[in-house]
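Below: one structure, written as structure tokens.
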Amino acid sequence: MRTSIFNFTLPTNFELIIETPIRVRLTNHTVQFDHQPPFVDVSLNKLENIKTQKGSDFLEQYILWTEGFQTQVISSQINEFNTYKTYIVETYTDAVFQESHFQISYFNACIILDEIWCLEFQFVYETKDKAKYQTICETTFQSLIVMGDASIWVNSFEQAILETQQVNKAELTHQKEEKLLDIPPFQIPKDHQEFIQIDEFEFAFIEESCYWHTVEFSHKLYIQIKAKTSAIDAAKTAELLEYGYELEEGEIQLSFDCSEIFQQGIPTGEFSFEEGKSGTPHYIHFRNSGIGYDFYGTTTLQGGWLGINGIFKKSYQDFPSFTIKCYKKLNSSKINWSSYQFTLNEALQTSPDLVEYLWINNWTEVSFPKEVFLFKNLKKLTIHSPSNRSKETVKALTEIDEAIGDLSQLTELHISNTAIQSLPESIGKLKLLERIHISNNQITTLPDQIFTLPNLKYLWASRNQIQIIPEKIKLPQIINIDLSNNQLKTLPEGLATQPLLKTINIDNNPLINLPETYNNIELELNINDKRRLLNYDYLGADGKGTVSWDNISFLAKHDAQLSLQFKEAIQDTILEKHQKALEQLALKAVCINTTEVDDYSQTGNTRFGGLPDLPMGENYPTWPYKYDKNITDYHLIFIGQLNCEELAPYQDYLPRTGMLYFYLQDEESFNCKVIYHPEEELQSAINLKEQELTFFDNTEPYNPFKTQFSSFVALPSFYIGINS
1 MRTSIFNFTL
11 PTNFELIIET
21 PIRVRLTNHT
31 VQFDHQPPFV
41 DVSLNKLENI
51 KTQKGSDFLE
61 QYILWTEGFQ
71 TQVISSQINE
81 FNTYKTYIVE
91 TYTDAVFQES
101 HFQISYFNAC
111 IILDEIWCLE
121 FQFVYETKDK
131 AKYQTICETT
141 FQSLIVMGDA
151 SIWVNSFEQA
161 ILETQQVNKA
171 ELTHQKEEKL
181 LDIPPFQIPK
191 DHQEFIQIDE
201 FEFAFIEESC
211 YWHTVEFSHK
221 LYIQIKAKTS
231 AIDAAKTAEL
241 LEYGYELEEG
251 EIQLSFDCSE
261 IFQQGIPTGE
271 FSFEEGKSGT
281 PHYIHFRNSG
291 IGYDFYGTTT
301 LQGGWLGING
311 IFKKSYQDFP
321 SFTIKCYKKL
331 NSSKINWSSY
341 QFTLNEALQT
351 SPDLVEYLWI
361 NNWTEVSFPK
371 EVFLFKNLKK
381 LTIHSPSNRS
391 KETVKALTEI
401 DEAIGDLSQL
411 TELHISNTAI
421 QSLPESIGKL
431 KLLERIHISN
441 NQITTLPDQI
451 FTLPNLKYLW
461 ASRNQIQIIP
471 EKIKLPQIIN
481 IDLSNNQLKT
491 LPEGLATQPL
501 LKTINIDNNP
511 LINLPETYNN
521 IELELNINDK
531 RRLLNYDYLG
541 ADGKGTVSWD
551 NISFLAKHDA
561 QLSLQFKEAI
571 QDTILEKHQK
581 ALEQLALKAV
591 CINTTEVDDY
601 SQTGNTRFGG
611 LPDLPMGENY
621 PTWPYKYDKN
631 ITDYHLIFIG
641 QLNCEELAPY
651 QDYLPRTGML
661 YFYLQDEESF
671 NCKVIYHPEE
681 ELQSAINLKE
691 QELTFFDNTE
701 PYNPFKTQFS
711 SFVALPSFYI
721 GINS
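The sequence shown lines up with residues 1 to 724 when you count with this note's numbering.
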């Protein structure tokens, strides 16, 4: 499957059912399934959408973003995938709903492309088919390749919005159109009484959870309403309510974020949510929790009020449906507008000192907007000229004013889709600048001063005409550089030696040579150019060449007793003819058998189950639980402890003394913890029996058992598929 943003491989029995410029979904309908056919879904998304979720960090926010019907988290982790930071969350549901038992597994991955964009990968299958689809899921994910750059992602995203608005307009049914036409216009209640009603069900606002505020990451206005009905059983019978994460029974939560709504300090605007359409004027989502349907209708901000009028129903299904009317007065005086991203027209309505984030979109003038220099506290400046998808000539910005160097508080500068050919040297005065994003312009040279900025972390200048990078470079904070799709023939040696630099993208340049220093840094460059320009001979971990591997400590054939044991084991079997090959694989191992119940009378022995003998002064290890305000930590589940001195006669690679401890987070998690303590005085596990330990999904430890050791020969396991 190939798009302009990504490609991946998948078995041929998966059929394409959704394809847009930013998303594909393929489903296998050729197999039998109870409730859910297996499918893979890959899409481009904005990080700001995920970051609207509650959570102390992005992993926690992504867990909430991926949440399905009564799903539970199996594992969550942060990895690196093809040089990109990647968040992986595996969940499952074992829910019963209306006499149906849903047993479904989910694999979710969020690949961070840059500070704005991410790629979401989801593979879903029924848990009973895990043995078959887990391997397909892993293979498909590993085959995923990211394509293009930020300019392509922006264009694809805008194209998807346009196509969604145009194509689906014709598909709206006559019944739906009639319902939407019946939506009453916004009107502040004459008695100024707030209310929320869904069909015949009245709800009461949960005041402390109803608010609007500016979001620090996206710099949009986020609006949230939370309410509860007392008619819980009736609402359930009507199939209105469903499970909502972190919601009490009978509660619902409605939210969305928006921009271009500032009017003299009062949020003002109207947004439509229709099937197949995004909110206007920007691509926004109406989110709800506690209601199992999508919202279609209008939301209005006027005079400090929020009005919601429309219906809840499933996409392209008219029934069941529930009308909603909601009018809520919110306090505008508490909004921190300094975190909001203003358009130029909005910024000119307020005090210049309040404007820290300025977004100028579709700038069609040749000259630089002089009004920018009114805002001395500006931290982020974004200027986009219109994307030219047609053959018509678009007037575009041709120069950046020298006075930009006077914006001393600027930390981010984004300029794209313009006709500028150079940047002023005064940019070197912007000592706080952390991000420069100047992709898809006509820049031929970059000023030397950019390469001495003390706080610059990201320099993205793809899709220009840059021909040379200066020799003198001092960027102590630089992390990532993108110079792809330019006219570079080489790069200076010093660029690759910056202390914090992780990656440089120099793909699609007419490169002739690269200094040797580029062998020591992660390059985004096609493999043919890497082989042509760089030395790919492996020089060993110390750079002095390779050394022969000493496997005496690991192979069983180097131990006379184990070698004899191995030969006797395969004698007169089908494996005997493969003896020489298997000897290269057979490993020294230790067989540990459990024997009798351990009564903790001996401290520091090898033990499986029960409780550990911890070093003096050490507390029983815990893991943080962030999903219940009443619980701060759970104790890890103890698996076993190994006395290294007891193991020493049977192997040559573990420490000769001390204790190894093994723990799991919970019974269904892959999160584990291994702790080594050198030889120390230990406290008996009997002391722990007197303490109150809290485990996530079992109430007491496993039964403890003593052990005995013996030498053992271990062979790899080979899984061979046999066709019938």
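Just so you know, even glycine gets a beta-carbon here, dropped at the ideal spot from N, CA and C.
Three-state secondary structure assigned by DSSP to T490:
Reduced to three states, the DSSP call for T490 is coil.
Could you give the first and the last residue of the continuous beta strand (DSSP E) run that contains L413?
Counting along the chain, the beta strand (DSSP E) containing L413 begins and ends at E412 to S416.
Taking Cβ positions, are A714 and L555 nearer each other than 8 Å?
In this structure, the beta-carbon distance from A714 to L555 does not fall below 8 Å.
Considering only residues of the same chain and omitting the five flanking positions on each side of Q641, which have a CB-CB separation below 6 Å?
Answer for Q641: R607, P612, M659 and Y661, listed in chain order.
Can you confirm whether the stretch 296 to 308 touches the stretch 262 to 272 when touching is taken to mean that 3 or more C-beta pairs between the two stretches lie within less than 8 Å?
With a cut-off of 8 Å, the stretch 296 to 308 and the stretch 262 to 272 count as touching, because enough Cβ pairs lie within range.
Restricting to runs no shorter than 3 residues, where is the beta strand (DSSP E) found entirely within the stretch 550 to 635?
Counting only runs of 3 or more, we get 587 to 597, 622 to 624 and 633 to 635.
Between the beta-carbon of D199 and the beta-carbon of T323, is there less than 8 Å?
In this structure, T323 lies closer than 8 Å to D199 by Cβ.
Euclidean distance between Cα positions of Q67 and Q691:
Note that residue 67 is Glu in the sequence shown, not Gln. When rounded, the distance between both Cα atoms is 35 Å.
Go ahead and label R463 buried or exposed: buried means 16 or more other beta carbons lie within 10 angstroms of its beta carbon, across all protein chains shown.
Answer is buried; the Cβ neighbour count reaches 16.
Less than 8 Å between the C-beta atoms of D598 and K502, yes or no?
Between D598 and K502, the C-beta spacing is not below 8 Å.
Three or more C-beta pairs below 8 Å linking the stretch 452 to 462 and the stretch 483 to 490
By the criterion of at least three beta-carbon pairs nearer than 8 Å, the stretch 452 to 462 is in contact with the stretch 483 to 490.
Provide the residue span of the beta strand (DSSP E) that contains C210, from first to last.
In the DSSP annotation of this structure, C210 is not part of any beta strand (DSSP E), being labelled neither H nor E.
Taking the C-alpha atoms as reference points, what is the distance between Q263 and Q349?
Note on geometry: alpha-carbon atoms of Q263 and Q349 lie some 7 Å from one another.
Can you name, in chain order, every residue of its own chain whose Cβ lies under 7 Å from the Cβ of F695, other than the five neighbours on each side?
Closer than 7 Å at Cβ, skipping near neighbours: Y634, H635 and I637.
Starting from the N-terminal side, write out each stretch of the alpha helix (DSSP H) that is 4 residues or longer and does not extend beyond the stretch 248 to 336.
Annotation: the stretch 248 to 336 contains no complete segment of the alpha helix (DSSP H) (minimum length 4 residues).
Can you have a look at D149 and say buried or exposed, based on whether 16 or more other CB atoms are within 10 angstroms of its CB?
With 16 or more other CB atoms across the displayed protein chains lying within 10 angstroms of its CB, D149 is buried.
Do you know whose CA, among E242, T237 and N336, lies nearest H219's CA?
Per the Cα distances, N336.
Proximity to K314 [Cα-Cα], best of Y357, V96 and L240:
Nearest C-alpha to K314: L240.
Exposed or buried, A560, counting other C-beta atoms within 10 Å across all chains shown (16 or more means buried)?
Under this definition A560 is an exposed residue.
Counting only the same chain and skipping the five closest in sequence on each side, list residues whose C-beta sits under 6 Å from that of G428.
Excluding the 5 residues flanking it on each side, G428 has same chain C-beta neighbours closer than 6 Å at Q449, in chain order.
Pick helix, strand or coil for E163, following the three-state DSSP scheme.
If DSSP states are grouped into helix, strand and coil, E163 belongs with the helices.
Complete runs of the beta strand (DSSP E) confined to the stretch 633 to 705 [at least 3 residues]
Here the runs fully enclosed are 633 to 635, 637 to 643, 659 to 664 and 672 to 677.
Which whole runs of the beta strand (DSSP E) in the stretch 35 to 112 are 3 residues long or more, in chain order?
Complete beta strand (DSSP E) runs here, min 3: 39 to 46, 71 to 81, 84 to 97 and 100 to 112.
Q442 and Q421 look like a contact to me (Cβ under 8 Å); what is the Cβ gap, rounded to whole Å?
Q442 to Q421, Cβ: 5 Å. Contact.
Between which two residues does the beta strand (DSSP E) holding I198 run?
Unbroken beta strand (DSSP E) run through I198: F195 to I198.
Candidates S259, Y243 and F195: which alpha carbon is nearest I225's?
When each option's Cα is compared against that of I225, the closest is F195.
According to DSSP, is N7 part of a helix, a strand, or is it coil?
N7 falls in the strand class under three-state DSSP.
Apart from the five residues on each side of it in sequence, which residues of its chain come closer than 8 Å, Cβ to Cβ, to L575?
Residues of the same chain with a CB within less than 8 Å of the CB of L575, apart from the 5 flanking positions on each side, are L582 in chain order.
Identified DSSP bridge partners for W359
Paired residues: T343 and T382.
Between the C-alpha atoms of S338 and P369, what's the straight-line distance to the nearest angstrom?
Each residue's alpha carbon lies about 21 Å from the other.
If we count the other Cβ atoms within 10 Å of its Cβ and call it buried at 16 or more, is P716 buried or exposed?
Label assigned to P716: exposed.
Using only the alpha-carbon positions, how far apart do Y327 and I400 sit?
CA-CA distance, Y327 to I400, rounds to 46 Å.
Quick check on DSSP: helix, strand or coil for F141?
Helix at F141.
Hey, could you find the ends of the alpha helix (DSSP H) A234 is sitting in?
Counting along the chain, A234 sits inside the alpha helix (DSSP H) bounded by residues I232 to T237.
Could you name the residues that DSSP lists as bridge partners for W117?
DSSP, once it has assigned bridges, lists K46 as partnering W117.
By how many angstroms is the C-alpha of T622 removed from the C-alpha of T91?
Between the alpha carbons of T91 and T622 lies a distance of about 22 Å.
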